[in-house]
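In full-length UniProt numbering, the protein residues as written are 1 to 291.
Don't be surprised by glycine CBs; every beta carbon is placed ideally from N, CA and C.
Report on the following structure.
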């Protein structure tokens, strides 16, 4: 049975392998003034805090959106929980050239370089950051304010994604970085996958192709610098815990098991590992800068 990559100890807590990979892709440095735009309280401000000069966290949950608690009984704050994950993939430069994740365009740092915690007993840790409520399509900041702007698994849930991207680029300084992390599908992938995503969550906006995501960024004034596109294999049950209702979860589970037995494709590439049902997602990290 494959084993998930271990979580890595970081600044007094643990950081999941997929978040650590994103942090390495971001390449934060001590001079960075950062803005993280999320739906709810995301993990990026805490992950970035020890490595940068300052982090501003924005909770851009649309005011008009119905409360997740009212619809489902779940907390409104979004936690992109994954359970254990197995990650494979590659990094691509802006020209589409492929690079291994441990070299080439992404230039990830070793774990020791990513840790800046003061080792002295009783050393102060970064204070929790309370997100500022704001509209992601009209951020309350001047042009060119931040050297690093991040949006993780939230771009399609904060308003029109083109308007959101335009704002992320507007508040980023020339030569700065806008980092978008989101789910994607292969450019040739069919619509099957979005069908099960919408069964799990009827409000799901659809999964963009890699080409569509990069197209949107360039169309609103961004220049793509790096891409990291990779596959994540996850257990089904933690993902189904976020389903709108139990009946929907049962239908998805049955469809995946049917595919394992040779039935119709769901687009999720399910398989049974050690008696547990797993499925796959494609994730992308995109680094852009304003033109």
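Return the bridge partner residues of residue i from the DSSP annotation.
i, result
"residue 282", "184, 231"
"residue 54", "33"
"residue 178", "149, 288"
"residue 143", "Bridge partners of residue 143: none, in fact."
"residue 159", "Beta-bridge pairing links residue 159 to no other residue."
"residue 276", "273"
"residue 59", "38, 133"
"residue 267", "Beta-bridge pairing links residue 267 to no other residue."
"residue 221", "Residue 221 is not bridged to any residue."
"residue 87", "232"
"residue 209", "185"
"residue 226", "287"
To the nearest angstrom, report how far apart residue i and residue j are at their CA atoms.
i, j, result
"residue 364", "residue 233", "The shown model of the chain, from 1 to 291, leaves out residue 364, and the question about it has no answer."
"residue 281", "residue 231", "6 Å"
"residue 48", "residue 28", "7 Å"
"residue 168", "residue 190", "30 Å"
"residue 18", "residue 46", "15 Å"
"residue 173", "residue 141", "12 Å"
"residue 201", "residue 226", "31 Å"
"residue 203", "residue 55", "30 Å"
"residue 162", "residue 213", "10 Å"
"residue 151", "residue 144", "17 Å"
"residue 138", "residue 262", "48 Å"
"residue 275", "residue 195", "25 Å"
"residue 62", "residue 153", "15 Å"
"residue 157", "residue 198", "14 Å"
"residue 160", "residue 205", "11 Å"
"residue 238", "residue 246", "13 Å"
"residue 289", "residue 270", "36 Å"
"residue 320", "residue 258", "Because the chain spans 1 through 291 in this model, residue 320 falls outside it and cannot be assessed."
"residue 286", "residue 30", "21 Å"
"residue 265", "residue 155", "27 Å"
"residue 51", "residue 242", "32 Å"
"residue 44", "residue 164", "18 Å"
Mind reading off the beta-carbon distance from residue i to residue j? Whole number of angstroms is fine, and I expect it under 8 Å.
i, j, result
"residue 147", "residue 32", "5 Å"
"residue 184", "residue 248", "23 Å between Cβ atoms; not a contact."
"residue 135", "residue 60", "6 Å"
Does the Cβ-Cβ distance between residue i and residue j come in under 8 Å?
i, j, result
"residue 277", "residue 244", "no"
"residue 177", "residue 268", "no"
"residue 223", "residue 291", "yes"
"residue 58", "residue 132", "yes"
Quick one: using the 10 Å Cβ neighbour count with 16 as the cut-off for buried, is residue i buried or exposed?
i, result
"residue 182", "buried"
"residue 53", "exposed"
"residue 215", "exposed"
"residue 103", "Only weak support exists for where residue 103 lies, its pLDDT of 31 falling under 50; the value from the coordinates is given anyway. Per the 10 Å Cβ criterion, exposed."
"residue 228", "buried"
"residue 42", "buried"
Flag residue i as yes when its Cβ comes closer than 7 Å to any non-hydrogen atom of the ligand MG, and as no otherwise.
i, result
"residue 144", "Looking at this structure, you won't find the ligand MG or any other ligand, since it has none at all."
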